Amino acid sequence: MKKAWKLITLVITLAMLSALLFGCAGSGGDEGGGVKGKIVGIEPGAGIMKATEKAIKEYNLDFILQDSSSAAMAASLKKAIDANEWIVVTGWTPHWKFAKWDLKYLEDPKGIYGGEEHIATIVRPGLKDEKPVVYQVLDNFYWTPADMEAVMLDIEGGMTPDDAAQKWIQENQDKVNEWIPGGKETGNSGKVILGYVEWDSEIASTHVVKNVLENMGYEVEAVAVDAGVMWTGIGKGEFDGIVSAWLPGTHADYYAKVKDKVENLGPNLEGAKIGLVVPTYVTINSIEELNSVKDKFQ
Ligand code: PBE
């Protein structure tokens with residue numbers, strides 16, 4: 093009888109212990125107590141993901157960064173806004189989301205996301221001699237955030253990237269003609285390979301350049317890859333060029349590794365930015381306030 097009681101006590105103690113252990117793990121809890129907030133991220137290789145990991149550390153955010161994709165991030169944003177719920181995402185400008193919804197950047201007093209960015213065109217070193225006309229077009233390619241947004245909005249509205257690019261080219265022929273060296277508009281031939289990542293902004297820019305070159309007679313392949321592959325690829329000369337280099341901050345690490353092996357043709361767009369973005373109805377204004385309202389971001 094005594095033995096039986098001992099056994100029962102043991103079983104109860106074990107049950108209580110495991111409830112305690114699993115209870116803690118199940119809550120996803122931390123020392124601060126409660127469930128962590130969630131930042132909806134994009135593709136793991138993006139510069140903005142690294143910056144956000146750094147922000148979580150530097151601001152001591154009781155948040156996790158969720159990997160996702162640019163398209164899934166936008167879908168989560170739409171879903172939250174439709175339901176009037178709070179959400180914080182990794183966001184950037186230019187992007188069609190700012191035209192579609194009322195959004196704001198959270199202030200970043202520690203400057204983790206850097207200041208104003210530009211998007212640069214980078215080519216492999218042999219391009220200038222081997223395909224001088226292509227080199228010229230890539231060197232001359234320059235447009236504004238409003239131009240890029242127009243293409244992005246058409247793609248978001250359902251057009252294919254090629255159709256949206258052709259539409260923009262037709263509507264902006266004067267601008268496009270400035271990129272094309274005199275007398276070389278048609279009758280060119282040969283293959284051009286552009287690397288890019290399927291971020292909305294880079295889908296737009298890469299397809300515009302692709303279509304300009306195709307209209308000139310080139311056969312252009314736009315190869316969608318991860319950010320890391322895009323950068324190692326241009327470093328190895330596997331791509332003729334990329335128009336997707338976010339500098340000086342967002343892609344600083346990637347750029348540092350290939351800097352000596354590539355040619356930087358300078359900005360193709362100025363006035364870009366990255367950061368944490370929320371709908372304007374979210375009442376906080378700074379990253380520093382996130383912890384105090386983390387329960388609203390789960
Ligand atoms: N982005 C868009 C990229 C660069 C272009 C901001 C998502 C990034 O974070 O690497």
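Residue numbers (my numbering): 93 to 390.
We put the beta carbon where it would ideally sit given N, CA and C, even for glycine.
No experiment lies behind these values; they were computed from the predicted model shown.
| Check | Outcome |
| --- | --- |
| Inter-residue spacing [alpha-carbon to alpha-carbon] between Ile173 and Lys196 | 13 Å |
| Span separating the alpha-carbon of Val301 from that of Asp200 | 34 Å |
| The ligand PBE heavy atom lying under 6 Å from the CB of Trp291 | yes |
| Straight-line gap, Lys293 to Thr236 (C-alpha atoms, nearest Å) | The amino acid at residue 293 is misidentified as Lys; the sequence shows Ser. So the alpha carbons of these two residues sit roughly 12 Å apart. |
| Nearest-angstrom Cβ-Cβ length linking Ala143 and Ile295, presumed shorter than 8 Å | Ala143 to Ile295, Cβ: 21 Å. No contact. |
| Segment limits, beta strand (DSSP E) that includes Phe190 | Not the beta strand (DSSP E): Phe190 falls in the alpha helix (DSSP H), residues Lys189 to Lys192. |
| N-terminal and C-terminal residue of the beta strand (DSSP E) that Pro273 is part of | Unbroken run through Pro273: none, as it is neither H nor E. |
| Heavy atom of the ligand PBE within 6 Å of Thr324 beta-carbon | no |
| Three-state secondary structure assigned by DSSP to Trp184 | strand |
| Whole alpha helix (DSSP H) elements within the region 189-247, 4-residue minimum | 189-192, 219-222 and 224-232 |
| Chain C within 7 Å of Tyr288, Cβ atoms only | In summary, chain C is missing from the structure at hand, where a single protein chain is found. |
| Those residues which DSSP pairs with Tyr288 across a bridge | Ala316 |
| For Glu277, the nearest candidate out of Gly249, Asp266 and Gly287 (CA to CA) | Asp266 |
| Residue environment, Tyr373, which counts as buried when at least 16 other CB atoms sit within 10 Å | exposed |
| Among Ala147, Gly203 and Met240, the one whose alpha carbon lies nearest that of Ser297 | Met240 |
| Nearest-angstrom Cβ-Cβ length linking Ser179 and Ser336, presumed shorter than 8 Å | Contrary to the premise, residue 179 reads as Ile rather than Ser in this sequence. Not quite, the Cβ-Cβ distance comes to about 26 Å (not below 8 Å), so this is no contact. |
| Any non-hydrogen atom of the ligand PBE closer than 6 Å to Ile173 Cβ | no |
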